[in-house]
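S.K.:
In my numbering, the protein residues as written are 1469 to 1799.
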């Protein structure tokens, strides 16, 4: 899909890298914001509130910025809905469950960094992409970094509970990698923003059904104002606004450059966790996170940073064409 041809947004002289940086800030901050919500609500209810609100915000965004003449066949809508069951429902169920057990800082490293590592590993194993020495080295570093990170989680503060949460974050990364790999076939023919809205709506409905038995356990009248503010922020910022900015940025610089920008997410996510939640890594986890991030960057970029592309450019990265442009955020 070519987001430059499918998103009906006005052209401007806005710096696309600034738009993408703002997007990464929003996605990075979503980890600590979601943690704030899940501390006050059952994890399934927290996930439903975020993506129920996000679905409404995305439908409004489609109404305002989507193609007016777009026609989507019922079969394509059904495919997008099925994708949402994996990329929104299962992904976020494990993600918010993990947040109830482990710090948001762990999620901010594991999910956005392991997802491209797992995706790249699958493409190399199935020989759908070439295995250059740089990619092999990057994957090796990623595996070493992940092992060190999980060892640090099990031996540091939080013990087995934190490790369980981190493993749930890893499951989220597996779901996202699977969604990334299946998306080009499942969502072909639908403009990215509209496909994201359909997938989010389907996932939100599933989350609502799953969380229904727990809704009565919540004392809604006693919820702090801060919880509602975070729910609104998550729905509007990281879910709707971030996707709009991301597609606009991708339309200018191409998906290869945008994919490299994704590695800013753990930086902003860790910063937000330290500032707003007073979270921190132990020395072992910090070392593992750095090695994992370095390996992921090397595996995805093959040691070459992609250059700026024109509005319709797809970049030269071998990995870029298989990445999904119609996605919800990684948080």
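The beta-carbon is built from N, C-alpha and C at its ideal position, and this holds for glycine as well.
Alpha carbon to alpha carbon, what distance is there between residue 1623 and residue 1776?
M.R.: Residue placement at residue 1776 is poorly supported in this model, since its pLDDT is 47, which falls under 50; the coordinates still yield a value, given next. The alpha-carbon atoms of residue 1776 and residue 1623 are separated by roughly 43 Å.
S.K.: Looking at the secondary structure, which residues open and close the alpha helix (DSSP H) in which residue 1770 lies?
M.R.: Here residue 1770 belongs to no alpha helix (DSSP H), and DSSP marks it neither H nor E.
S.K.: What is the residue span of the alpha helix (DSSP H) that residue 1640 lies within?
M.R.: Where residue 1640 is concerned, the enclosing alpha helix (DSSP H) stretches over 1627-1654.
S.K.: Can you list the alpha helix (DSSP H) stretches of 4 or more residues lying completely in the segment 1680-1755, in chain order?
M.R.: If we require 4 residues or more, the alpha helix (DSSP H) runs fully inside the segment 1680-1755 come out as 1693-1702, 1710-1721, 1723-1729 and 1733-1745.
S.K.: Within 8 Å, do at least three Cβ pairs link the segment 1533-1552 to the segment 1601-1618?
M.R.: They do not touch, by the three-pair rule.
S.K.: Would you identify the three-state DSSP class for residue 1534, choosing helix, strand or coil?
M.R.: In this structure, residue 1534 counts as strand in the three-state DSSP scheme.
S.K.: Less than 8 Å between the CB atoms is what I'm expecting for residue 1756 and residue 1617, so what's the real figure, rounded?
M.R.: Residue 1756 to residue 1617, Cβ: 3 Å. Contact.
S.K.: Would you decide whether residue 1711 is buried or exposed? Buried here means 16 or more other CB atoms lie within 10 Å of its CB.
M.R.: Buried, since its Cβ has 16 or more Cβ neighbours within 10 Å.
S.K.: Within its chain, find whatever has a CB closer than 8 Å to the CB of residue 1730; leave out the 5 residues flanking it on each side and keep chain order.
M.R.: Once the five neighbours on either side are set aside, the close Cβ partners of residue 1730 are 1492, 1580, 1584 and 1798.
S.K.: Decide if residue 1692 is buried, meaning its Cβ has at least 16 other Cβ atoms within 10 Å, or exposed.
M.R.: Residue 1692 is exposed by the Cβ-count criterion.
S.K.: Determine contact between the segment 1737-1749 and the segment 1694-1705, defined as no fewer than three beta-carbon pairs at a distance below 8 Å.
M.R.: Because the criterion of three Cβ pairs below 8 Å is not met, the segment 1737-1749 and the segment 1694-1705 do not touch.
S.K.: Please classify residue 1734 as buried or exposed, where buried requires at least 16 other C-beta atoms within 10 Å of its C-beta.
M.R.: It counts as buried.
S.K.: In chain order, what are the residue ranges of uninterrupted beta strand (DSSP E) at least 3 long that sit wholly in the segment 1591-1622?
M.R.: Qualifying beta strand (DSSP E) stretches: none in this window.
S.K.: Among 1649, 1534 and 1510, which one has its Cα closest to the Cα of residue 1680?
M.R.: When only C-alpha atoms are compared, the closest one is 1510.
S.K.: In angstroms with no decimal places, state the Cα-to-Cα distance between residue 1574 and residue 1690.
M.R.: The straight-line gap from Cα to Cα measures roughly 29 Å.
S.K.: Give a single yes or no on whether residue 1519 has its beta carbon closer than 7 Å to a heavy atom of the ligand FAD.
M.R.: No copy of the ligand FAD occurs in the structure displayed, which carries no ligand at all.
S.K.: Do the CB positions of residue 1552 and residue 1667 come within less than 8 Å of each other?
M.R.: Contact: yes.
S.K.: Within the continuous alpha helix (DSSP H) that includes residue 1497, where are the two ends?
M.R.: Here the alpha helix (DSSP H) through residue 1497 covers 1484-1506.
S.K.: For the segment 1659-1678 against the segment 1489-1503, do three or more pairs of beta-carbon atoms, one drawn from each stretch, fall closer than 8 Å, so that the two count as touching?
M.R.: With a cut-off of 8 Å, the segment 1489-1503 and the segment 1659-1678 do not count as touching, because too few Cβ pairs lie within range.
S.K.: Please classify residue 1593 as buried or exposed, where buried requires at least 16 other C-beta atoms within 10 Å of its C-beta.
M.R.: Residue 1593 should be labelled exposed.
S.K.: Whose C-beta lies closer than 7 Å to the C-beta of residue 1753 among residues of the same chain, with five residues either side of it excluded?
M.R.: Closer than 7 Å at the Cβ level, and outside the excluded window around residue 1753, lie 1617, 1620, 1621 and 1624.
S.K.: Alpha helix (DSSP H) containing residue 1562: first to last residue?
M.R.: First-last of the alpha helix (DSSP H) with residue 1562: 1559-1567.
S.K.: When we look at the beta-carbon of residue 1546 and count the other beta-carbons within 10 Å, is it buried (16 or more) or exposed?
M.R.: Exposed, because fewer than 16 other Cβ atoms sit within 10 Å of the Cβ of residue 1546.
S.K.: Would you say residue 1571 and residue 1720 are within 8 Å of each other, going by their C-beta atoms?
M.R.: Going by C-beta atoms, residue 1571 is not nearer than 8 Å to residue 1720.
S.K.: Hey, out of 1758, 1537 and 1608, whose CA is closest to residue 1732's CA?
M.R.: Of the listed residues, the one whose Cα sits closest to residue 1732 is 1758.
S.K.: Can you find the residues in the same chain that come closer than 7 Å, C-beta to C-beta, to residue 1778, ignoring five residues on each side of it along the sequence?
M.R.: No answer about residue 1778 holds up, because its pLDDT of 44 lies below 50 and its placement is not dependable.
S.K.: I'd like to know whether the C-beta atoms of residue 1588 and residue 1567 end up nearer to each other than 8 Å.
M.R.: No, they are not a contact pair.
S.K.: Tell me whether residue 1629 is buried or exposed, calling it buried when 16 or more other Cβ atoms sit within 10 Å of its Cβ.
M.R.: Exposed, since its Cβ has fewer than 16 Cβ neighbours within 10 Å.
S.K.: Under a Cβ-count criterion, where at least 16 other Cβ atoms within 10 Å of its own Cβ denotes burial, should residue 1627 be classed as buried or exposed?
M.R.: Looking at its Cβ environment, which holds fewer than 16 other Cβ atoms inside 10 Å, residue 1627 is exposed.
S.K.: Is residue 1578 helix, strand or coil by DSSP?
M.R.: It is helical.
S.K.: Alpha carbon to alpha carbon, how far is residue 1647 from residue 1636? Give it in angstroms, no decimals.
M.R.: If I take the Cα positions, the gap works out to 16 Å.
S.K.: Should residue 1528 be labelled buried (16 or more other beta-carbon atoms within 10 Å of its own) or exposed?
M.R.: Exposed: under 16 other Cβ atoms inside 10 Å.
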